[in-house]
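Colleague:
2 protein chains.
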Amino acid sequence: MAPLNDHLQGSHMDSRWNALKPEETSTTPLYLQFSRKLAEAIHAGWWQADEALPSERTFSEELGISRVTARKALDVLLEQGLIRRRHGSGTFITPRLEQPLSRLTSFTEMLKMKGFEPSSVWLSRGIATPTHEEVIKLGLSPNAQVARLKRQRLADGVVMAIEQSSLPLTYLPDPQAVGSSLYAYLDTMGHPIVRALQHIRAVNANPDIAAIAGIKPGEAMLLITRIGYTADNVAIELTDTWCRNDYYDFVAELRR
Amino acid sequence: MAPLNDHLQGSHMDSRWNALKPEETSTTPLYLQFSRKLAEAIHAGWWQADEALPSERTFSEELGISRVTARKALDVLLEQGLIRRRHGSGTFITPRLEQPLSRLTSFTEMLKMKGFEPSSVWLSRGIATPTHEEVIKLGLSPNAQVARLKRQRLADGVVMAIEQSSLPLTYLPDPQAVGSSLYAYLDTMGHPIVRALQHIRAVNANPDIAAIAGIKPGEAMLLITRIGYTADNVAIELTDTWCRNDYYDFVAELRR
DNA sequence: AAGTGGTCTAGACCACATT
DNA sequence: ATGTGGTCTAGACCACTTC
């Protein structure tokens, strides 16, 4: 028991252990319950940056779960970049400044982290005959039609990106029904997108896009083409996002 | 024993099991040994796309390792997108077409996958006084100097990218000593880079870069700024990579 | 009903870091 | 020497898919 931590070992920590304990009634896996609760605790600032968490064995004993399970929960947070492990030394909170890591920080996530308020404005929503690209990438039959959605993405009122999505009409029969979140709508319709492939490349803004985005034609933009798949591995979403490079950049963390 | 697989269960599979068995002498963890060998086997085409692998229990018994260990090895390949699991059904090879997934496919990786032969040509290697950006991002002291390396990245003889790296002179005292791989050199010097943050954004090519890259000024390029960290979490590498957008694009897979 | 992946346990040993 | 993360085991039960 390190003396330095004594102020945390009394009733303070007792109530904290309780907050981390798994619910008897819940059916979700123990390690997921614990990993979520621990993530909340970290975000709530229970520990300082670079401060060591309780050891895996301590978690195990205090929470009444096996060490393997506790460790598996920590694996999840490690994967998210929330914590780091030092062999023989301990498990540590990743400093906030270095946290924009994880896989690929994107879209509204980054904006929210930077403190912006994201919003969006519909430019058009309707039904169209698919382009050649859409037919191929969405695997459409020859006469099928697509729902096409186009909108501006704003942060604090400034246009940051233009987004155009196409979906087979069979999956989105009424484009007008989509609220502010396409993904949320697909969830409620029973066709959630669970996986997506994103191609990221650079393009010069064409006059149309430039006008809508409020930049000069020819300016470099990031063009992200996303293909979204359902759990059945069917491609049902093709989205192009033109991002203003002066407001947008992507951060990715690589490890060896 | 499914009759359909009988042709794989005889001597064929016997020799295969041996190829997957861990080495008695090796000190590397069992699950890593197995995961590597299995990855090789998959790339060697032991199984077809969408074909089921042997079950976790089968691997466990045949290889003399516990199921937990076998499963942990499979976790690694799952993470890489090489396999997929279907609860109650089995573990399956990911079709090649969908494999450019993983985290973020980049640089020479993608080229090699597409069958190109990567190479590089030095444009300059020397010592310089750091820019303001370098001082800040590398945390240099006021009078420190940097080693600066600049090169063309080619694939099958065509320029695909321009890369400029800066490192504190203390970590790279002799820029001329670097061979074809900066990372390999740093490894041998005892300062391996284990983690890197990459910022990806779009820029218009300036005349200098355009000339070297063989494109028109103003063309959109991907600019990747990478900061590489050692195990001690010290930033020792700052690299800008300008990528020709007609040859380069990044692919990332997202999951929910 | 049988086979598969998904979760969980209790205990063990090793390698590394700190003291 | 002690504590920590890293690996490994043998066995168990559940949930899902397939037949």
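Chains as they are written, first to last, in the working numbering: chain F, 62 to 317; chain E, 62 to 317. By construction, the Cβ of each residue, glycine as well, lies at the ideal position given by its N, Cα and C atoms. All values derive from a computational prediction rather than experimental measurement.
1) Measure the beta-carbon distance from Arg214(F) to Pro179(F) and round it to whole angstroms, keeping in mind my assumption that it falls under 8 Å.
2) What first and last residue would you give for the alpha helix (DSSP H) that runs through Ala222(E)?
3) Tell me the rounded alpha-carbon separation between Thr192(E) and Gly142(F).
4) Alpha carbon to alpha carbon, what distance is there between Val219(F) and Arg53(F)?
5) Enumerated in chain order, which unbroken segments of the beta strand (DSSP E) with a length of 3 residues or greater are wholly contained in the region 174 to 206 of chain E?
6) Could you check whether the Cβ of Phe120(E) sits closer than 8 Å to any Cβ belonging to chain F?
7) Give, in chain order, every residue of the region 248 to 275 of chain F whose Cβ lies closer than 9 Å to some Cβ of chain E.
8) Kindly say whether Gly200(F), judged by its beta-carbon, lies nearer than 8 Å to any beta-carbon of chain E.
9) Does the beta-carbon of Gly149(E) have 16 or more other beta-carbons within 10 angstroms, so that it is buried, or is it exposed?
10) In chain order, what residues of the region 91 to 121 of chain F put their CB closer than 9 Å to some CB of chain E?
11) For a contact meaning CB atoms closer than 7 Å, what does Asp310(E) contact in chain F?
12) Between Arg147(F) and Gly275(F), what straight-line distance do the alpha-carbon atoms span, to the nearest angstrom?
13) Are the C-beta atoms of Gly279(F) and some chain E residue less than 8 Å apart?
14) Tell me whether Gln237(F) is buried or exposed, calling it buried when 16 or more other Cβ atoms sit within 10 Å of its Cβ.
15) Can you tell me whether Ala105(F) is buried or exposed? The criterion is at least 16 other CB atoms within 10 Å of its CB, across all chains shown.
16) Taking CB distances under 8 Å as the criterion, tell me whether Asn79(E) reaches chain F.
17) Between which residues of its own chain and Leu184(E) is the CB-CB distance below 6 Å, once the five residues before and five after are set aside?
18) Cutting at 6 Å between CB atoms, please list the residues of its own chain near Asp217(F), excluding the five before and the five after it.
19) With DSSP as the reference, label Lys211(F) as helix, strand or coil.
20) So is Asn221(F) in contact with chain E if we call contact Cβ pairs under 8 Å?
21) How far does the beta strand (DSSP E) with Asp301(E) in it reach, from first residue to last?
22) So the candidates are Val239(F), Ala205(F) and Ile297(F); which of them puts its Cα closest to the Cα of Val255(F)?
23) Give me the Cα-Cα distance between Leu65(E) and Arg118(E), rounded to the nearest whole angstrom.
24) Is the region 285 to 294 of chain E close to the region 77 to 88 of chain E, with three or more CB pairs under 8 Å?
25) Would a check of beta-carbon distances place Ser87(F) closer than 8 Å to chain E?
26) Taking all protein chains shown into account, do 16 or more other C-beta atoms lie within 10 angstroms of the C-beta of Ala313(E), making it buried, or fewer, making it exposed?
27) Strictly under 8 Å for the Cβ-Cβ distance: is Asn204(F) near chain E by that measure?
28) If you compare alpha carbons, which of Met221(F), Ile188(F) and Leu299(F) is closest to Ala272(F)?
29) Could you tell me the alpha carbon to alpha carbon distance between Phe153(F) and Asn267(E), rounded to whole angstroms?
30) Check the Cβ of Ala131(F) against every Cβ in chain E and list those closer than 9 Å, keeping chain order.
31) Should Ala263(E) go down as buried or exposed, given a rule of 16 or more other Cβ atoms within 10 Å for buried?
32) Would you kindly report the start and end of the unbroken alpha helix (DSSP H) that includes Ala131(F)?
33) At 7 Å on the CB atoms, spell out the chain F contacts of Leu283(E), in chain order.
34) List the DSSP bridge partners of Asn265(F).
35) CA-CA distance, Leu139(E) and Thr89(E)?
Modeller: With the structure as the only source:
1) 7 Å
2) Looking at the DSSP string, Ala222(E) is not in any alpha helix (DSSP H); the run it does join, the beta strand (DSSP E), is Val219 to Pro229.
3) 30 Å
4) Nothing can be reported for residue 53(F), as the shown portion of chain F is limited to 62 through 317.
5) 179 to 189
6) So no, Phe120(E) is outside the interface.
7) Pro253, Ile254, Val255, Arg256, Ala257, Leu258, Gln259, His260, Ile261, Arg262, Ala263, Val264, Asn265 and Ala266
8) no
9) exposed
10) Of all residues in the region 91 to 121 of chain F, none has a Cβ within less than 9 Å of some Cβ in chain E.
11) His260, Ile261 and Arg262
12) 48 Å
13) Answer yes: the Cβ-Cβ gap between Gly279(F) and chain E drops below 8 Å somewhere.
14) exposed
15) exposed
16) no
17) The residues are Lys211 and Arg212.
18) So the list reads Phe177 and Glu178, once near-sequence residues are dropped.
19) Assignment of Lys211(F) by DSSP, reduced to helix, strand and coil, places it in the strand class.
20) It should be pointed out that residue 221(F) corresponds to Met in this sequence rather than to Asn. Not one chain E Cβ lies under 8 Å of Met221(F).
21) Ala296 to Arg305
22) Ile297(F)
23) A caution first: Leu65(E) carries a pLDDT of 39, below 50, which makes its placement in the model too unreliable to give a value.
24) Touching, no.
25) no
26) buried
27) Taking 8 Å as the CB threshold, Asn204(F) stays off the interface with chain E.
28) Met221(F)
29) Approximately 43 Å between the Cα atoms of the pair.
30) None at all; the shortest Cβ gap to chain E is about 15 Å.
31) buried
32) Arg128 to Glu140
33) Arg262 and Ala263
34) Ala281(F)
35) Each residue's alpha carbon lies about 20 Å from the other.
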